[in-house]
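Enquirer:
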Amino acid sequence: MAIEGMAQDDPNKLTVIIVGLGIAGLSVAIECHSKGHNVKVFEKYEELKQMEGDGISIGSNGARVTAKWGDGAFHESIRPLEFQTNRAKVFDYTGYCYGTFELHGYNEGRGYTVNRGALVSAMHQYAQSLGIPITLGSGVTKYWETEDEAGIEVNGKKISADCVVCAEGIHSQGRLSITGQQMSLQETGYAASRGYLDARVAARNPSLSWILSEEQSGSEDCIYGWLGPGVHFGITTKKKDNELFCLGDRIDMMLHLQTASTPSQSDDETMNQILQCMDGWAVRDQLEAVIKGVMSGRFISENLAIRTPLTTWLSPKRRMIVVGDAAHAALPSSGQGGTQAIEDAATLAIALDLAGKRDVPLALSVTEKIRYQRAQIVQQGGLAVLQFVMNHVDFDALRQDPTMVKPPHPAWILDHDCQEYASREFSKVAEAVQSGQEYVPHNIPSDGQYRMEYDILPTDSPTAEYLDIQSNEDLLGFSIPTICFTAIYAFIAMVYNQ
Ligand SMILES: Cc1cc2nc3c(=O)[nH]c(=O)nc-3n(C[C@H](O)[C@H](O)[C@H](O)COP(=O)(O)OP(=O)(O)OC[C@H]3O[C@@H](n4cnc5c(N)ncnc54)[C@H](O)[C@@H]3O)c2cc1C
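The sequence shown begins at 1 in the UniProt record's numbering and counts up one residue at a time.
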C-alpha cells in the first residue's frame with residue numbers, strides 16, 4: 001500500500017522501508033538508493049536538531065564509505081563543520097607531558113570529527129538532494145512480515161515493502177518485535193561527566209586562556225588529556241565555534257555515580273565530585289579552573305553501562321533487520337558506534353543488490369553474518385578500552401616509553417573496506433547461509449578477541465592507497481600494545497555526546 005502523498009514504487013525495483021533518521025537510517029537510505037532500490041524513510045520527530053550533542057568521530061572505515069557519496073560532494077559539504085583535532089597532547093596527573101600524538105584513523109584525510117547533530121543534518125540534506133522520500137513526524141508503531149513482504153504501521157497506515165530496516169537507535173521499541181529480544185543493561189561501575197565551556201569567556205580568563213593559546217595547540221584544535229590513577233580528564237577545543245569540552249571519568253564511585261546520574265543533581269555537586277577525584281593531583285588547581293569554567297547547567301553525568309549483544313538481528317522470516325545502535329549499541333569508549341552503523345548500511349545495500357528482489361531473506365542473512373561478529377567485537381572493545389584505561393595505567397612504564405601513549409590504530413577496524421569485503425565475500429556467505437554451514441568471517445581479529453593495538457597497513461595496500469597514508473612511520477607497519485593511547489582514545493570518544 002502506498003502512503004498518501006508518496007510516489008508509487010517501481011514494481012521491478014526492490015523496495016526498502018527504513019525506520020529512524022540517525023546515522024544508521026540515513027546511511028542505509030543513501031547506500032540503498034545508490035544501488036537503485038526504492039527507499040522510504042520514517043522518523044518519529046517532526047524536525048531534526050541541527051547541533052545536537054557534541055562531536056562524533058567517524059573513523060576511516062566509515063569515512064571510506066561516505067567519501068564516495070556524490071563523488072566527494074558530501075565530504076565537501078561537511079568540511080566547514082569539521083573539528084580540526086588531528087592531535088592529542090597527553091599529560092599525567094603530575095603535569096608530566098608525554099608529547100603530542102597524531103590521531104590515526106580519526107583525522108583529516110582519513111576520518112572526521114563533526115557535531116553529531118550537524119552530521120545527521122548534512123546526511124539528511126544529502127539524502128534529500130538525492131530525492132529520497134523522508135517522512136518526518138511519523139513514529140512507527142508496528143512491524144509485520146509475511147513470506148513475501150514486510151512492512152510497518154505508521155500514522156494509522158499499513159505500508160509494505162520487500163524488507164524493513166529498523167534503525168531506531170539504542171532505545172528501539174521495534175527491536176523486540178523484530179528479533180524477539182531486548183538489550184539488557186549491565187553497569188560497568190564507571191561513570192563519565194561532560195561539561196561545556198564558552199571559549200570566548202575562557203580566552204578572557206587568565207586561568208583558562210592557556211588552553212586556546214597557539215603555543216599549546218598551534219592554530220588547530222587540540223585534545224588535551226590528563227591521566228591519573230583510576231581517573232582521566234580531557235579537554236577538546238573547537239575554536240571555530242568558540243566551544244571547549246571537558247570531561248572526567250571516575251572509577252569505583254558507584255554511590256557518586258548513582259547520585260551523579262540523577263537528573264536533579266546540581267552542577268556544584270558534579271564539580272565537587274570531579275574535583276574530589278583529583279585530590280593529590282599536581283595539576284588540580286589548573287584543572288579546577290577549567291571545571292569551574294563550565295557553563296551553568298552544562299554538566300552531564302552518567303553511568304556507563306554496557307548492552308548485552310542480541311543473538312540475532314533478524315526477524316523470523318528474515319525480511320526485517322535491526323541495524324546501528326538498535327542492533328549493537330556500544331560504549332562511547334569504542335569510538336565506533338556511528339561508524340559501525342555506516343558499515344551496516346554499506347554491507348546491507350550490497351547484499352540486497354547481489355541477492356536481488358528474488359531473495360531478500362538471503363540478503364538480510366548475509367548482512368547479519370558479515371556484520372554480526374565484527375560489530376560485537378567492537379562493542380566488547382568499548383568495555384575493554386574503558387577497563388584497561390581505568391585499571392592498568394603504569395605511569396613509570398609510560399615515562400620510560402612515551403610511545404605507548406600513541407593513539408591506537410587497530411587496522412582490522414580502521415583500515416577495513418567493508419564494501420570491498422561484502423562484494424568479495426557475498427557468494428561464500430550466501431552458500432553458507434543456504435547450506436546451513438558455519439561462516440567464519442575474516443573482518444575480525446583471527447582469534448576473535450579485541451585487543452588494543454597499534455598497527456597500520458603498509459602503503460602499497462589498496463586500502464592505504466585510498467586513504468593516502470604516506471608517513472614514514474606508517475610504512476613500518478608495526479604492532480605494539482599501547483596503554484595511554486587507550487586512555488586518550490577513551491576520553492576522546494567520551495567527549496562526544498549522543
Ligand atoms: C558519548 C558518546 C560518544 C560517541 N562517540 C562516537 C564516536 O566518536 N564515533 C562513532 O562512530 N560513534 C560514537 N558514538 C556512537 C554514535 O553516536 C551512535 O552509535 C550513533 O549515533 C547511532 O546512530 P543510530 O542511527 O543507530 O541511532 P540514533 O542516532 O539514535 O537514531 C535513531 C533514530 O530513530 C528514530 N526513531 C526511534 N524510534 C522510532 C520509531 N518507532 N519510528 C520512527 N523513528 C524512530 C529516533 O528518533 C532517531 O532519530 C558515541 C556515542 C556516545 C553516547
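For every residue, glycine included, the Cβ atom is placed at its ideal position computed from N, Cα and C.
Residue 225: beta carbon under 7 Å from a heavy atom of ligand 1?
Expert: Flag unset: Cβ of residue 225 not near ligand 1.
Enquirer: Whole alpha helix (DSSP H) runs in the stretch 283-335 with 4 or more residues, listed along the chain?
Expert: Those alpha helix (DSSP H) runs which fall completely within the stretch 283-335 and span 4+ residues are 284-292 and 325-328.
Enquirer: With a cut-off of 8 Å on the beta carbons, I'd call residue 101 and residue 406 a contact; round off their distance for me.
Expert: Correct: roughly 5 Å between the Cβ atoms.
Enquirer: Does the count of Cβ pairs from the stretch 305-318 and the stretch 275-293 closer than 8 Å reach three?
Expert: As far as the Cβ criterion goes, the stretch 305-318 does not touch the stretch 275-293, which means the pair count is below three.
Enquirer: Here's the rule: buried if 16 or more other CB atoms are within 10 angstroms of the residue's CB, otherwise exposed. What is residue 374?
Expert: Buried: at least 16 other Cβ atoms inside 10 Å.
Enquirer: For ligand 1, any of its heavy atoms closer than 7 Å to the Cβ of residue 187?
Expert: No, the Cβ of residue 187 stays beyond 7 Å of every heavy atom of ligand 1.
Enquirer: In the DSSP assignment, find the unbroken beta strand (DSSP E) run with residue 87 in it and report its ends.
Expert: Here the beta strand (DSSP E) through residue 87 covers 85-92.
Enquirer: What I want to know is whether the C-beta of residue 362 ends up closer than 7 Å to one or more non-hydrogen atoms of ligand 1.
Expert: No, since every heavy atom of ligand 1 falls outside the 7 Å radius drawn around the Cβ of residue 362.
Enquirer: Is it true that the stretch 415-429 meets the stretch 57-67, where meeting means three or more beta-carbon pairs spaced less than 8 Å apart?
Expert: The stretch 415-429 vs the stretch 57-67: in contact.
Enquirer: From the DSSP output, which residues share a beta bridge with residue 374?
Expert: Note: residue 374 sits in no beta bridge, so no partner.
Enquirer: Write down the C-beta distance between residue 320 and residue 166 rounded to the nearest angstrom, noting that I regard them as a contact closer than 8 Å.
Expert: Contact flag correct, Cβ pair sits at about 7 Å.
Enquirer: Within 10 angstroms of the Cβ of residue 145, are there 16 or more other Cβ atoms? Answer buried if so, exposed if not.
Expert: That one is buried.
Enquirer: Of the residues 204, 340 and 142, which one's Cα is nearest the Cα of residue 160?
Expert: The option with the nearest alpha carbon to residue 160 is 142.
Enquirer: Would DSSP call residue 469 helix, strand or coil?
Expert: Reliability of the predicted coordinates at residue 469 is poor, the pLDDT of 24 falling under 50, and the value obtained from them is presented with this limitation in mind. Coil, per DSSP.
Enquirer: Does ligand 2 have even one heavy atom less than 7 Å from the beta-carbon of residue 42?
Expert: Inclusion of ligand 2 in the displayed structure is not the case, the ligand content consisting of ligand 1 alone.
Enquirer: Given residue 439, which residues of its chain have a CB within under 6 Å of its CB, disregarding the five upstream and five downstream residues?
Expert: Cβ neighbours of residue 439 beyond the five flanking positions: 369, 429 and 432.
Enquirer: Who are the Cβ neighbours of residue 149 in its own chain at under 6 Å, not counting the five residues just before and after it?
Expert: Cβ within range, chain order: 160.
Enquirer: Can you say whether residue 356 is buried or exposed, counting buried as having 16 or more other CB atoms within 10 angstroms of its CB?
Expert: Residue 356 comes out exposed.
Enquirer: Could you please give me the residues that DSSP links to residue 150 through a beta bridge?
Expert: Note: residue 150 sits in a beta bridge opposite 145 and 161.
Enquirer: Mind checking residue 453: buried by the 16 CB within 10 Å criterion, or exposed?
Expert: Residue 453 comes out buried.
Enquirer: Mind listing, in chain order, the continuous beta strand (DSSP E) runs of no fewer than 3 residues lying wholly within the stretch 178-237?
Expert: Segments of the beta strand (DSSP E) lying fully in the stretch 178-237: 185-198 and 221-228.
Enquirer: Output the boundary residues of the beta strand (DSSP E) element that contains residue 350.
Expert: That residue, residue 350, is in no beta strand (DSSP E); its alpha helix (DSSP H) goes 337-355.
Enquirer: Just checking my contact of residue 26 with residue 78 at CB under 8 Å: how many whole Å lie between their CB atoms?
Expert: The Cβ separation is near 13 Å, so there is no contact.
Enquirer: Take the Cβ of residue 527 as the centre, count every other Cβ of all protein chains shown within 10 Å, and call the residue buried at 16 or more, exposed below.
Expert: Absent from the model: residue 527. The displayed extent of the chain is 1 to 498, so no value can be given.
Enquirer: Should residue 15 be labelled buried (16 or more other beta-carbon atoms within 10 Å of its own) or exposed?
Expert: Buried, by the Cβ-count rule.
Enquirer: Whole-angstrom Cβ separation of residue 122 and residue 29, contact assumed at under 8 Å?
Expert: Actually they are not in contact, since the Cβ atoms of residue 122 and residue 29 sit about 14 Å apart, beyond 8 Å.
Enquirer: Note down the Cα distance separating residue 472 from residue 335, rounded to an integer number of angstroms.
Expert: Its pLDDT being 25, under 50, residue 472 is placed unreliably by the model, and nothing is read from it.
Enquirer: Identify the continuous beta strand (DSSP E) that holds residue 499 and give its terminal residues.
Expert: For residue 499 there is no data in the structure shown, the boundaries of the chain being 1 and 498.
Enquirer: Given 8 Å as the limit, is there contact between the stretch 379-390 and the stretch 325-340, that is, 3 or more CB pairs closer than that?
Expert: Yes, since at least three Cβ pairs between the stretch 379-390 and the stretch 325-340 fall closer than 8 Å, the two stretches touch.
Enquirer: If distances are taken between C-alpha atoms only, which option among 151, 131, 156 and 352 comes closest to residue 137?
Expert: Answer by Cα proximity: 156.
Enquirer: For residue 112, which of helix, strand or coil comes out of DSSP?
Expert: Three-state DSSP puts residue 112 in a strand.
Enquirer: Identify every residue that forms a DSSP beta bridge with residue 552.
Expert: Beyond the ends of the chain as shown, which are 1 and 498, falls residue 552; an answer cannot be given.
Enquirer: Residue 268: which of 301, 34, 73 and 282 sits nearest, CA to CA?
Expert: Closest option to residue 268, Cα to Cα, is 301.
Enquirer: Helix, strand or coil, according to DSSP, for residue 140 in the structure here?
Expert: In the structure shown, residue 140 sits in a strand (DSSP, three-state: E or B).
Enquirer: Take every Cβ of the stretch 194-201, pair it with every Cβ of the stretch 167-182, and state whether three or more of those distances are shorter than 8 Å.
Expert: Output reads no: the stretch 167-182 does not touch the stretch 194-201.
Enquirer: Starting from the C-beta of residue 92, find all residues in its chain whose C-beta is less than 6 Å away, skip the five residues before and the five after it, and write them out in chain order.
Expert: Cβ neighbours of residue 92 beyond the five flanking positions: 227 and 395.
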